[in-house]
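Asker: If you scroll down you'll find the structure; I have some questions about it.
Protein chains: 2
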Amino acid sequence: MLNDPSPLDRAFAALSDPVRRGMLARLSLGPASVSELAKPLPISLPAVMQHLRALETSGLVASQKKGRVRTVRLEGRALSEAESWLSRRRQEWEARLDRFEDHLSEIK
Amino acid sequence: MLNDPSPLDRAFAALSDPVRRGMLARLSLGPASVSELAKPLPISLPAVMQHLRALETSGLVASQKKGRVRTVRLEGRALSEAESWLSRRRQEWEARLDRFEDHLSEIK
DNA sequence: AGTAAAGTTAAGCCTTTGCTTAACTATATT
DNA sequence: AATATAGTTAAGCAAAGGCTTAACTTTACT
Chain F
2 MLNDPSPLDR AFAALSDPVR RGMLARLSLG PASVSELAKP LPISLPAVMQ
52 HLRALETSGL VASQKKGRVR TVRLEGRALS EAESWLSRRR QEWEARLDRF
102 EDHLSEIK
Chain C
2 MLNDPSPLDR AFAALSDPVR RGMLARLSLG PASVSELAKP LPISLPAVMQ
52 HLRALETSGL VASQKKGRVR TVRLEGRALS EAESWLSRRR QEWEARLDRF
102 EDHLSEIK
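Order-wise, the sequence lines are chains F and C.
Using our numbering, you'd call the opening residue of the first sequence number 2 and step up by one each time.
Using our numbering, you'd call the opening residue of the second sequence number 2 and step up by one each time.
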């Protein structure tokens, strides 16, 4: 990922870490503070911050600070875009399989 | 990713690279040889091999060698599993939004 | 005012990733 | 048999990733 990764690059990279996927799973149930996200994790707070930054620069998550607590929420948009990429590839792949089966039945 | 990444970890990691996503896009249209995959890419063959290995150990792709040409094909299964993970998260997220809107209309 | 709570930043360390070139193996072609 | 084709392995390097501890800032509580 040498030169300026695209949003999709970042989103999939963010998704590749189980800690971050865990955070997303938590956030899919509703917003949470940084410490709420950190609580179940066996890593230091600064490590959590870094994961959070990965999620945020990928667009999968957004946050705002009020007083001393930062509230993080899931961003459905980026999630959908990653999903769509996969969905398109799967659809092309299935379409090709269908054509292949048609071909088989023709020569039968 | 210190300890033995899960298949899902590997799949998303594989998807995070635009070169590999390009290969998958090509393969979604049908199988291809290593050199066919390499042709449009501005990188060396060994580099392509490494990308291929990332795709293969993630389960997104499988290959077999016949004579001197290795034919690579997409594996729909791994693709679907990544897609499903995202889909579940999006569904939970949407369900929560719906409950939230219901709540709003109740107090109105 | 003094202390606790919630984040944040910086520095350093080790591993993993993505790439290269060079050298090599195994099939096809002529 | 000689040469070309298709892929593979190995070594090495620079950058990115994931973690830590230490030090600091900004609110909130007593």
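Ideal Cβ placement from N, Cα and C applies to all residues, glycine included.
Here the structure is a predicted model, which is why all the values come from computation and not from measurement.
(1) Does any residue of chain C have a CB that is nearer than 8 Å to the CB of residue 19 of chain F?
(2) Taking 8 Å as the threshold (beta carbon to beta carbon), is residue 14 of chain F in contact with chain C?
(3) Determine the extent of the alpha helix (DSSP H) in which residue 25 of chain F is found, giving its start and end residues.
(4) What is the rounded straight-line gap between the Cα of residue 54 of chain F and the Cα of residue 8 of chain F?
(5) So, with DSSP's three-state summary, where would you put residue 88 of chain F?
(6) Would you be able to state if there are at least three C-beta pairs under 8 Å between the stretch 65-79 of chain F and the stretch 88-102 of chain F?
(7) Would you kindly report the start and end of the unbroken alpha helix (DSSP H) that includes residue 42 of chain C?
(8) Can you give me the start and stop residues for the alpha helix (DSSP H) that residue 16 of chain C sits inside?
Answerer: Looking at the coordinates:
(1) In the first sequence, counting from the first residue as 1, residue 19 of chain F sits at position 18. Yes, its Cβ sits closer than 8 Å to a Cβ of chain C.
(2) Position 13 of the first sequence, counting from 1, holds the residue named residue 14 of chain F. Answer yes: the Cβ-Cβ gap between residue 14 of chain F and chain C drops below 8 Å somewhere.
(3) As a working mapping, residue 25 of chain F is identified with position 24 in the first sequence. Where residue 25 of chain F is concerned, the enclosing alpha helix (DSSP H) stretches over 19-28.
(4) As a first step, residue 54 of chain F must be located in the first sequence, where it is residue number 53. As a first step, residue 8 of chain F must be located in the first sequence, where it is residue number 7. Each residue's alpha carbon lies about 13 Å from the other.
(5) Taking the first residue of the first sequence as position 1, residue 88 of chain F is located at position 87. Helix, per DSSP.
(6) no
(7) For the purposes of this step, residue 42 of chain C is taken as the residue at position 41 of the second sequence. First-last for residue 42 of chain C: undefined, no H or E at that position.
(8) Translated into the one-based positions of the second sequence, residue 16 of chain C becomes position 15. Per DSSP, residue 16 of chain C belongs to the alpha helix (DSSP H) from 8-16.
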